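Enquirer:
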Amino acid sequence: MSKKIFWTFLAVAALAAALLVPMAPDPIAAQEPAADDDQRRTVTVSGTGQISASPDLVVIRVGVETQAEEAAAALADNSEQMQELIDALQEAGVPEDNIQTRAVSLFPVYEQPRPEVSQPVTQTAQIIAFQATNIVEVRSEDMEGFGELLDTTVQAGGNRIEGIRFEVSDATPLLDQARQAAWDDALHKAEQLAEIAGLQLGEVWSITEISRTPRPVGDVDAGAGRQVESAVPIEPGTQTLELDISVTWLLEPGESE
């Protein structure tokens, strides 16, 4: 191959390679921000609404605990006493649908060996009995008579009360009021901030509901495993529902701009 042909071939190959390389975008044009995003001004604030109401529903977690030397006997005794308790609750006016089983358990009771003063413990714990427990949740709308309901529970064999709480059966209207209060709170903050900045509020850009938290006051825990011999006077108190929102407004020039 002559030198002239060689150099001609080399020049064609270089030209072809150059054509295959993609053109890089203009770095200035690629990084230029959108005009709308650059000029948009917003303000974001949070608002809180709280509404308190008197509960109209009481929920009691109550049950029966029994113990026997044999597992079958402990469970049988527990089932018999629990049925008597359920029957007594229904006779007291609690609908069957308002009584719901929450927990059933059966476990052994151990006796730890007593070590001698001069000898280490070599024996393992021995099973001396079995303990059965059945817990139900009872819901009642009789706010004035739930103290008598506790008396009925104890008299019918209920020897465990794990907790009492008070609720608002339909919280929807209260949440609506709390949501309106949260909006008013957010709007007040946003208007004040816009005025301080010499601007005014425009359209709403976004709204986010952050939380809906019912906070019952008057929740009582009687303690697991505690035997109850008499009713305890308890006041239902009130329940506070709290709701938070986050709102973003577009900002517009003030009258002086």
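Position 42 of the sequence shown, counted from 1, bears residue number 495 in the working numbering, the numbering being contiguous throughout.
Beta carbons are placed, not taken as given, at the ideal position from N, Cα and C, and that holds for glycine.
Fair warning: this is a prediction, and the values are worked out from it, not measured in the lab.
Alpha carbon to alpha carbon, what distance is there between Lys-642 and Ser-494?
Expert: In the sequence as displayed, the identity of residue 494 is Arg instead of Ser. Their backbone Cα atoms lie some 16 Å apart in a straight line.
Enquirer: Can you name, in chain order, every residue of its own chain whose Cβ lies under 8 Å from the Cβ of Leu-542, other than the five neighbours on each side?
Expert: Counting only Cβ-Cβ distances below 8 Å, and skipping sequence neighbours, we find Ile-552, Val-591, Leu-602, Thr-605, Thr-606 and Ala-609.
Enquirer: Cα separation between Ala-716 and Asp-540?
Expert: In the structure as shown, the chain starts at 454 and stops at 710, and residue 716 therefore has no counterpart that could be examined.
Enquirer: What whole-angstrom Cβ distance do Val-589 and Ala-506 have, given they're in contact under 8 Å?
Expert: Actually they are not in contact, since the Cβ atoms of Val-589 and Ala-506 sit about 27 Å apart, beyond 8 Å.
Enquirer: Please classify Ala-631 as buried or exposed, where buried requires at least 16 other C-beta atoms within 10 Å of its C-beta.
Expert: Per the 10 Å Cβ criterion, buried.
Enquirer: From Leu-640 to Ile-513, what does the alpha carbon distance come to, in whole angstroms?
Expert: Leu-640 and Ile-513: Cα-Cα distance of roughly 41 Å.
Enquirer: What number of angstroms, rounded off, separates the C-alpha of Gly-516 from the C-alpha of Asp-509?
Expert: Between Gly-516 and Asp-509, the C-alpha separation is close to 23 Å.
Enquirer: Check the DSSP bridge columns for Asn-587 and list the partner residues they point to.
Expert: According to DSSP, which records beta bridges pairwise, Asn-587 is partnered with Val-517 and Val-557.
Enquirer: One question on the structure: do Ala-585 and Gln-503 come within less than 8 Å of each other, judged by their Cβ atoms?
Expert: Cβ atoms of Ala-585 and Gln-503: not closer than 8 Å.
Enquirer: What residue range is occupied by the uninterrupted alpha helix (DSSP H) comprising Ala-634?
Expert: Start and end: 625–649.
Enquirer: From the DSSP output, which residues share a beta bridge with Val-562?
Expert: Beta-bridge pairing links Val-562 to Ala-582.
Enquirer: For Leu-396 and Phe-599, I'd like the C-alpha separation in whole angstroms.
Expert: Any question about residue 396 goes unanswered here, given that the chain covers just 454 to 710.
Enquirer: Less than 8 Å between the beta carbons of Pro-689 and Met-596, yes or no?
Expert: Cβ distance < 8 Å, so Pro-689 and Met-596 count as in contact.
Enquirer: Using DSSP bridges, identify the partner residues of Gln-503.
Expert: DSSP lists Glu-695 as partners of Gln-503.
Enquirer: With which residues is Ile-552 paired in a DSSP beta bridge?
Expert: Answer is Val-591.
Enquirer: For Gln-565 and Asp-550, what's the separation of their Cα atoms in angstroms?
Expert: Going by the C-alpha atoms only, they are around 43 Å apart.
Enquirer: Measuring only the C-alpha atoms, how far is Thr-497 from Asp-623?
Expert: Taking the straight line joining both Cα atoms gives about 32 Å.
Enquirer: Can you name, in chain order, every residue of its own chain whose Cβ lies under 6 Å from the Cβ of Gln-579, other than the five neighbours on each side?
Expert: Correct list, in chain order: Glu-564.
Enquirer: Please check the pair Asp-638 and Gly-546, which I expect to be a contact at CB under 8 Å, by giving their CB distance rounded to whole angstroms.
Expert: Contact flag wrong, Cβ pair sits at about 43 Å.
Enquirer: Can you check whether the CB of Glu-518 is closer than 8 Å to the CB of Arg-618?
Expert: Not in contact: Arg-618 and Glu-518 (Cβ atoms no closer than 8 Å).
Enquirer: Can you tell me which of Trp-658, Gln-692 and Val-557 puts its alpha carbon nearest to the alpha carbon of Val-700?
Expert: Taking only the C-alpha atoms, the option nearest Val-700 is Trp-658.
Enquirer: Between the alpha carbons of Glu-615 and Gln-692, how many angstroms are there, rounded?
Expert: Looking at the two C-alpha atoms, the distance is approximately 20 Å.
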